[in-house]
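When you read off a place in the sequence shown, starting at 1, and then add 134, the result is the number in my numbering. These notes concern the structure reproduced below.
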Amino acid sequence: MLRLTRVKSKLSLNFRLPERLKGGIIENSINYLRNVGNDYKNVYLETLQDIRKRPLKATIIGSILLSGGYCIVHNPTFDDFQMQLIDSNNCISRVPQSICNQKSRQYVHHLFCMNNKQILRYQSFEWRTFFTERIIDVGFLGRFHYLEHKMKDYDQ
135 MLRLTRVKSK LSLNFRLPER LKGGIIENSI NYLRNVGNDY KNVYLETLQD IRKRPLKATI
195 IGSILLSGGY CIVHNPTFDD FQMQLIDSNN CISRVPQSIC NQKSRQYVHH LFCMNNKQIL
255 RYQSFEWRTF FTERIIDVGF LGRFHYLEHK MKDYDQ
């Protein structure tokens, strides 16, 4: 904290605006940016004080933010869904039809038909209501869970 204060005081002492630029847009812009910088510095220092006062609360908030960031980074895409669908189809095609789970086979075939007709659409989660009968699968943490569930016992 002391280093930040020392650097700021050195910068403010060394920086002087030439006389010809005073009183105009440039001086107003510099003052505005200086105020914004001071606001961010104050928020940073207050946050450090709050972390020292309540370390458990800071740990909980930090872990929630990190978990949310991890989920966002590992959100699967439509290409991931298509790759998992192709892998599932390859797994089913290697198993003889006599011992293959028909529900798994029909589900993968149904998804391929919809994909060929281009009626499958990828949507990222947003805060809204949606109809569950129109949802084919839910991708979370790099996996599509319903397709994985259907493929659990594909070779019975």
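The beta-carbon is built from N, C-alpha and C at its ideal position, and this holds for glycine as well.
Secondary structure at residue 273: strand, using DSSP grouped into helix, strand and coil.
It is roughly 15 Å from the alpha-carbon of residue 183 to the alpha-carbon of residue 195. With respect to the C-alpha of residue 248, the residue from 204, 159, 219 having the closest C-alpha is 219.
Distances from the alpha-carbon of residue 221 to those of 158, 156, 163, 278 put 278 closest. The shortest C-alpha to C-alpha distance from residue 226 to any of 241, 208, 213 is the one to 241. Here the C-alpha atom of residue 256 lies approximately 55 Å from the C-alpha atom of residue 150. Around the beta carbon of residue 275, fewer than 16 other beta carbons lie within 10 angstroms, which makes this residue exposed. Bridge partners of residue 278 according to DSSP: 273. Pairing residue 193 with residue 211, the inter-Cα distance amounts to about 31 Å.
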